[in-house]
Every structure is written in C-alpha cells, then in structure tokens.
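Heads up: the structure comes next, in structure tokens.
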Amino acid sequence: MNLRPVVEAHGVRLRPFRAQDSADVVDGCADPLTQRFVSNLPTPYTETDARWWIDVGAPAAWTGGGTAYAVADPATDRLLGAVGLNNPVPARGQVEIGYWMRPAARGHGLATAATRALSEHAFAAGAARLELLTEPENAPSQRVALAAGFRYEGLRRSAGASRDGGRHDLLAWVRVAGDPPGPAARLLPDLPGGVLTDEVVALRPLAPDDAALMYRLHSRPEVVANQAPPVPPTREAMERRCRLAQSGWLTDEIARLLITDVASGEPVGSCGLSYTDVAAGEASVGYALLPDWRGRGYATRAVRLLAGWAFGSAGIARLSAGTVPDNIASHRVLERVGFRRESVQRGRLPGLAGARLDDLTFALLPADLR
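Each residue of the sequence shown is one higher than the last, beginning at 233 in the numbering used here.
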C-alpha cells in the first residue's frame, strides 16, 4: 500500500509523530484505561518510553509494512491520540487497525473520526479488508468500531496476550472495501434515551455494578426451577455476565436489562431479549422478579415495554417466550401482554441428571400487543 504521510479527513489530522509530542504520548499511554487494554505498553510509561516510540517504534511500524500516525487537532496540531495499521497479510489484502486516545480527547468522536479517516485511506491505497480487535470488556472501543463501519465477525479465542503471560479472547470487527459508508447496522439498537419507562417501572441496560443483585435474584430456588437446566449460577458467572452485558448487546447476542421501580429507584428484577431467528425477524424474551415486587404487575409492565421497543426501534417481527408448563404465574404475565400459547415441545430442554423438560411456547405479534 502506498500511504501518504499526512491525511486530513473527518475533522482530524493524521501525521508523523514529532519530538514535541512526547508529553502528550505519556499522557495517553500512561493512562490506566490505555494501560488496561493495550497490553504491550511499558508499565509505568515514562518520557523515555515516549521518546523511544517517536524516534524508533513509530518509524519501524512504517518500514514493517504498517503505519503509525499521530492523531492531531487540525487547528492546533496538538496530539490527541494515535492510530495505525499493523500485522499486514498481503496475500489477503488484510491489515489490522488500532488506536488510543488521550483522556481529554475521549468522548468527542475523535477515535471514530481517526479510524474512519485511516480506513478510507487504506482502502484507497489498495487494502481489501481491515480488522479491528477489541477485548470483550472494552465496550467503548466496540462502539468506535461500529460507528466507523466495522461489523462484528466473531470471537478469536486466546488471540490476545495478557501482561501476566496468559492469553485472553478478542472480538473481531471487520470492514471490507465494498462496505457502505457510515456506521454498521445493528440488530439490537440502543434504547432511546438509554431507558424504557412507563413512569411506574423503568428498564435500563445491565451494568457491572448489578452483579450482586443479579446473583441474589438468579440463585433463588423458584427462579432456578424455571430455567433450563435448573442449576443455580455461580457468583463468578454472574459477575462475568454483568461485565459483558454491554458487549453482548453491541455484538447483537442479547440485550440484558435491569428492571427498576421509578418511584423509589429500587431494583425489581431483570429481563432480556435475544434473536432466535434473524432471517425470520424472531426474538425471544425472558424475565425474573425479586419476591417483594411480585404480584404488582411489574413483570407485565416490563415485558410490555420490552415488546414495544422490540417491535419499534429494533424492528423485530415476532416475539416468543418459552416457559416450563407449570409456571402459571409467568403464563399469566405473558397473556396480559398479549402473548398466545402456541405449542408444547416435549423434552426440548435439559433438566437434571439427564432428564428432559417440556417447553411451553408463547408468541406475540405487533398487533397482539396490549
């Protein structure tokens, strides 16, 4: 690829690093967030490390078939961050793209702008495929990938090296030369305004701080009895679920939400939605409430809100819900929302000790929603 030394596009300037950038390089690379997700940085990161990068590391990236651009403010030329290409695979026309931003430059769309600018320049120079790899817990970087037009392609098991010498998974986001401009489409969009509410209950995305509550809810015997298989979760598994909730939403795997009482702000329970058949536009819902909030219509309100978002912003055509046949309380919730019983699938679900459980299926169409 024949890449220019300076690129200006989307409100940012990509240029070579300069000696006067050293303090800003330290500001970006010594930051805890950068250190957390860029495992090959020295710790602690010092002025000496920054000078080595400017004088040796960045030029070596160019001679090795990649690039290392400083991302600068076009008005002041001050360094905002870095973006570059690495690990080229010429036979595939493929190269990886990566970036970091100084703390003060985050939250303004500058990482997206820099990624878009370099992506477009790389395609114009002959690249066919760009990969952007993120850690599963790095939701902000995943949002940058989506906003820059990269689509989620899958999990790369043990593709990342940890500081402790171990390995960890990475998520692969890909953009190819023929992709349309603009952000990548999502099956599960963000909630409008970040929350769904009917002024009695509110639904918001699950967060890492919800782990203790989720463990308490989903380890209750009556909740465990109505899942398949009926095995209580471990505390570690619930913590991981909450840490990865944003990523699960952004990769279109599942939208997990916390249900809260609007008047008190207290948590009520949780619910979720995931696609069962993308081509058919079908998704399934699930929910659970803490004992003190049952019998007040909160589950009905939560499922109704979730269904309204599914048929509206998410563009889903049909919702299903599977229950064990004797979960009468859940059946009543679904019927109050407008779900209709459709079938009993015998032995569909795993039980304990090799047993199988029947699955009573309900379904909802947009016209059924009450």
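Glycine is no exception: its CB is placed at the ideal position from the N, C-alpha and C atoms.
Top-ranked residue by Cα proximity to residue i, from the options
{"i": "Gly358", "options": "Pro372, Gly386, Gln326", "result": "Gln326"}
{"i": "Leu350", "options": "Ala371, Phe382, Arg324", "result": "Phe382"}
{"i": "Val494", "options": "Pro291, Met470, Thr593, Arg533", "result": "Arg533"}
{"i": "Ser271", "options": "Glu367, Val576, Phe543", "result": "Glu367"}
{"i": "Ala417", "options": "Ile286, Phe571, Ala546", "result": "Ala546"}
{"i": "Ala487", "options": "Thr508, Ser254, Glu567, Pro453", "result": "Thr508"}
{"i": "Glu363", "options": "Tyr331, Ala336, Ser394, Arg338", "result": "Tyr331"}
{"i": "Ala314", "options": "Met333, Pro306, Glu385", "result": "Met333"}
{"i": "Gly297", "options": "Thr483, Arg436, Trp405, Glu328", "result": "Glu328"}
{"i": "Glu240", "options": "His353, Gln252, Asp259", "result": "His353"}
{"i": "Ile491", "options": "Ser394, Pro306, Tyr530, His400", "result": "Tyr530"}
{"i": "Val456", "options": "Leu584, Leu551, Trp405, Arg536", "result": "Leu584"}
{"i": "Glu347", "options": "Gly414, Asp309, Ser394", "result": "First, the amino acid is wrong: residue 347 is Thr here, not Glu. Here the closest residue by C-alpha is Gly414."}
{"i": "His450", "options": "Ala434, Glu468, Leu435, Val433", "result": "Glu468"}
{"i": "Thr483", "options": "Ile560, Pro412, Ala380, Tyr384", "result": "Tyr384"}
{"i": "Thr278", "options": "Glu454, Gly260, Gly527", "result": "Gly260"}
{"i": "Val433", "options": "Pro424, Glu454, Arg528, Arg407", "result": "Arg528"}
{"i": "Ala511", "options": "Leu419, Leu428, Pro598", "result": "Leu419"}
{"i": "Arg407", "options": "Asp422, Leu378, Pro424, Phe571", "result": "Leu378"}
{"i": "Leu589", "options": "Asn559, His563, Pro453, Arg602", "result": "Asn559"}
{"i": "Asn458", "options": "Arg578, Ala561, Pro598", "result": "Ala561"}
Range of the contiguous beta strand (DSSP E) that encloses residue i
{"i": "Thr366", "result": "361-366"}
{"i": "Ser394", "result": "Per DSSP, Ser394 belongs to no beta strand (DSSP E) and is neither H nor E."}
{"i": "Leu246", "result": "244-247"}
{"i": "Pro496", "result": "It is worth fixing the name first, because residue 496 is Ser in this sequence and not Pro. Looking at the DSSP string, Ser496 is not in any beta strand (DSSP E), and its letter there is neither H nor E."}
{"i": "Ile329", "result": "326-333"}
{"i": "Gln577", "result": "572-582"}
{"i": "Ser516", "result": "514-521"}
{"i": "Ala314", "result": "311-321"}
{"i": "Asp590", "result": "588-596"}
{"i": "Ser254", "result": "Premise fails: Ser254 lies in the alpha helix (DSSP H), 254-261, not in any beta strand (DSSP E)."}
{"i": "Thr299", "result": "299-304"}
{"i": "Gly554", "result": "550-555"}
{"i": "Glu431", "result": "Unbroken run through Glu431: none, as it is neither H nor E."}
Rounded distance between the beta-carbons of residue j and residue i, thought under 8 Å
{"i": "Leu183", "j": "Ser516", "result": "Summary: the structure shown does not reach residue 183, with the chain confined to residues 233 through 602, and so no result is reported for it."}
{"i": "Val569", "j": "Ala520", "result": "That pair is no contact at about 16 Å."}
{"i": "Val244", "j": "Ala345", "result": "5 Å"}
{"i": "Asn318", "j": "Ala336", "result": "Not confirmed; about 25 Å, so no contact."}
{"i": "Leu505", "j": "Leu435", "result": "With 8 Å as the limit, Leu505 and Leu435 do not qualify as a contact, their Cβ atoms being about 10 Å apart."}
{"i": "Gly425", "j": "Ala404", "result": "Not quite, the Cβ-Cβ distance comes to about 31 Å (not below 8 Å), so this is no contact."}
Own chain partners of residue i with C-beta closer than 6 Å, once the 5 adjacent residues on each side are dropped
{"i": "Arg580", "result": "Asp591"}
{"i": "Phe249", "result": "Ile286, Ala290, Ala302"}
{"i": "Leu311", "result": "Asp253, Asp256, Ala302, Ala304"}
{"i": "Ala343", "result": "Tyr331, Met333, Val376"}
{"i": "Leu235", "result": "Thr299, Ala357"}
{"i": "Met470", "result": "Ala443, Met446, Tyr447"}
Beta-carbon proximity check, residue i vs residue j, cutoff 8 Å
{"i": "Arg247", "j": "Ala304", "result": "yes"}
{"i": "Ala262", "j": "Pro276", "result": "yes"}
{"i": "Pro372", "j": "Ala460", "result": "no"}
{"i": "Ala323", "j": "Ala360", "result": "no"}
{"i": "Tyr447", "j": "Pro465", "result": "yes"}
{"i": "Thr266", "j": "Leu273", "result": "yes"}
{"i": "Cys474", "j": "Pro440", "result": "yes"}
{"i": "Phe543", "j": "Glu574", "result": "no"}
{"i": "Pro557", "j": "Val535", "result": "no"}
{"i": "Ala549", "j": "Gly513", "result": "yes"}
{"i": "Gln374", "j": "Ser479", "result": "yes"}
{"i": "Trp541", "j": "Leu423", "result": "yes"}
{"i": "Leu537", "j": "Asp430", "result": "yes"}
Cβ-based neighbour list, residue i, same chain, cut-off 7 Å, excluding 5 preceding and 5 following
{"i": "Leu402", "result": "Leu365, Thr366, Glu367, Arg388, Ala391, Gly392"}
{"i": "Asn370", "result": "Phe269"}
{"i": "Ala565", "result": "A quick correction: the sequence has Val, not Ala, at residue 565. Ala531, Thr532, Val535, listed in sequence order."}
{"i": "Ala251", "result": "Ile286"}
{"i": "Asp411", "result": "Gly381"}
{"i": "Val427", "result": "Ala434, Leu435, Arg436"}
{"i": "Met233", "result": "Ala354, Ala357, Gly358, Ala359"}
{"i": "Arg578", "result": "Asp590"}
Residues near residue i in its chain [Cβ-Cβ closer than 8 Å; skip 5 each side]
{"i": "Trp284", "result": "none"}
{"i": "Arg572", "result": "Phe594, Ala595, Leu596, Asp600"}
{"i": "Pro237", "result": "Arg247, Pro248"}
Endpoints, the alpha helix (DSSP H) within which residue i is located
{"i": "Ser562", "result": "560-569"}
{"i": "Arg536", "result": "530-543"}
{"i": "Arg467", "result": "467-475"}
{"i": "Glu454", "result": "453-456"}
{"i": "Ala585", "result": "From DSSP, Ala585 is part of no alpha helix (DSSP H); its letter is neither H nor E."}
{"i": "Arg338", "result": "No alpha helix (DSSP H) holds Arg338; DSSP gives it neither H nor E."}
{"i": "Pro372", "result": "371-379"}
{"i": "Thr295", "result": "290-295"}
{"i": "Arg418", "result": "Run containing Arg418: none; DSSP gives neither H nor E here."}
{"i": "Ala443", "result": "443-450"}
{"i": "Thr280", "result": "279-284"}
{"i": "Pro264", "result": "264-269"}
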